[in-house]
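Start counting the sequence shown at 1; every next residue gets the next number (full-length UniProt numbering).
Have a look at the structure below, then the notes.
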Amino acid sequence: MNMMTSTFRTASPHSPELPLHIAEELTAGGAQALIQLGDQIYTLRITRQGKLILTK
C-alpha cells in the first residue's frame, strides 16, 4: 500500500486534533481496502449507499 498524507481536523474547540482519513483515498478510488491492526487484517468496504462496513 502507498503511504498517504492525512489531514488533521479539530472535532471541537476543546478536543485534541484527530486524523481525518478520506475513505475514497483509503480504497484508492475502489470500494474496498485492507486495514491491518497488529497481526489482524480487516476489510473496509464502501457500500452502494455510501456507508462504511469494517469486517474481520
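Even glycine gets a Cβ: it sits at the ideal position worked out from N, Cα and C.
With distance defined between alpha-carbon atoms, name the residue in the options nearest to residue i.
i: residue 45; options: 34, 38 and 39; result: 34
i: residue 39; options: 47, 19, 56 and 21; result: 56
i: residue 48; options: 31, 16 and 25; result: 31
Short of 6 Å in beta carbon distance, which residues of its chain neighbour residue i, apart from the five on each side in sequence? Order them along the chain.
i: residue 54; result: 42 and 44
i: residue 1; result: Only weak support exists for where residue 1 lies, its pLDDT of 48 falling under 50; the value from the coordinates is given anyway. Same-chain partners within the cutoff: there are none.
i: residue 26; result: 33
Report all residues from its chain with a CB closer than 7 Å to the CB of residue i; omit the five preceding and five following residues, and keep chain order.
i: residue 23; result: 46 and 52
Exercise for review: Note down, one range per segment and in chain order, each beta strand (DSSP E) of at least 3 residues found wholly within the region 9-48.
Suggested key: Taking only runs of at least 3 residues, the beta strand (DSSP E) segments lying wholly in the region 9-48 are 17-20, 32-37 and 40-46.
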